[in-house]
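*Asks:*
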Amino acid sequence: MELIAKFLNLLNENAAALTAVATVAIAWLTFTLAKENKRLRKAGTEPEVIASLIPGPDGNGAVNFILANIGQGPALKVKFSLEYDENDFSNHNVLVQNSRDRSAMTVIPQGEKVSVLFGISYVLFGTENPKNDQILKPFKVIITYKDLRGKRRKSVHEIDISQYSGLRGLLSKPASREIADNLKKIEQHLSKISRQVGPILNSVDASTPADALKQKISGSSIQTNDEKNTCN
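For reference, each letter of the sequence shown is one residue, going 9 to 240 in the numbering used here.
(1) Assuming Val131 is part of the alpha helix (DSSP H), what are its boundary residues?
(2) Please tell me whether Ser163 and Ile74 are closer than 8 Å, where the distance is taken between their beta carbons.
(3) Does the beta-carbon of Asn77 have 16 or more other beta-carbons within 10 angstroms, so that it is buried, or is it exposed?
(4) Thinking C-beta only, is Val86 closer than 8 Å to Ile128?
(5) I need the straight-line Cα distance from Ala28 to Thr114, nearest angstrom please.
(6) Please determine, among Leu41, Ile12, Glu54, Ala30, the residue with the shortest C-alpha to C-alpha distance to Arg157.
(7) Where do the N-terminal and C-terminal ends of the alpha helix (DSSP H) with Ser98 fall, by residue?
(8) To the nearest angstrom, report how far apart Thr31 and Asn17 are at their CA atoms.
(9) CA-CA distance, Lys145 and Asn95?
(10) Note down the Cα distance separating Phe97 from Val149, rounded to an integer number of angstroms.
(11) What distance in whole Å lies between the Cβ atoms of His100 and Leu132, which are believed to be in contact at a cut-off of 8 Å?
(12) Shortest alpha-carbon distance to Gln171 belongs to which of Ile151, Glu56, Pro117, Phe147?
(13) DSSP state of Asn77, grouped into three classes?
(14) Using a Cβ-Cβ cut-off of 8 Å (strictly less than) and excluding sequence neighbours within five positions of Ala24, which residues of its own chain qualify?
(15) Kindly indicate the opening and closing residues of the beta strand (DSSP E) around Glu91.
(16) Out of Val124, Ile194, Ser199, which one is the CA nearest neighbour of Pro316?
(17) Using the DSSP secondary-structure output, state which residues sit across from Ile62 in a beta bridge.
(18) Spatial neighbours of Leu81 within its chain, please: C-beta separation below 8 Å, excluding the five flanking residues on both sides.
(19) Does the separation of the CB atoms of Leu84 and Asn106 fall below 8 Å?
(20) Can you tell me which of the three DSSP states Thr38 falls into?
(21) Suppose the cutoff is 6 Å on Cβ atoms and the five residues either side in sequence are ignored; what does the same chain contact list for Asp93 look like?
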């Protein structure tokens, strides 16, 4: 009981100091919580736009160029440009390039994306053209956009198609393309046969019983009896 009494007396003697310390601690906690809430509210409205290459979902060999907003707010006035080797893009039939006529996208909402055809997988990997068997070189995408407060933001992304190297199915031609190529080969083969067989089919047997050897003449040189009489 004596210890409790001494402790209570000590609290009474230092009540003012303890109150001041408690007040400072409460004020600090309040400030920290307010700052954290502000940061969370700000993070809840900040957009974040990224660029990537994604294989097409239909399994047709397409590779799509994606601009995706993975942030927590809408991205306004979205622009993008590419840093790339023009000859390399041309050799690989890349469909997305810089354009002076392309204006800024009005908005990419939170969690949404813009997807456009970038190219064909086996062409980008150089497996389609024997004269150009090199994979597409890495390139950069520069993205600029604004948040709801009008603050301008910028991000740079380096994209390398080789990230999909060795993945089965991505580089193979779709079934429809394989069928079309095979039909084209058959057509070319039949055309070649037609040119070879044509002269043979266009000839007739012009030999007579008195001939020691059979004689073949072109169908275009056959004359009717009337034509022979006219010539005579």
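Each residue gets a CB set at the ideal place from its N, CA and C atoms; glycine is no exception.
Computed from a predicted model, the values in this text were never measured in an experiment.
*Replies:* From the atom records:
(1) 129-132
(2) no
(3) buried
(4) no
(5) 54 Å
(6) Glu54
(7) 94-99
(8) 21 Å
(9) 10 Å
(10) 14 Å
(11) 5 Å
(12) Phe147
(13) strand
(14) none
(15) 83-91
(16) The structure shown has nothing for residue 316, since the chain only spans 9 to 240.
(17) Asn72
(18) One detail in the question is off: residue 81 reads as Gly in this sequence, not Leu. So the list reads Gly52, Thr53, Glu54, Pro55, Gln118, Asp155, Leu156, once near-sequence residues are dropped.
(19) no
(20) helix
(21) Lys145
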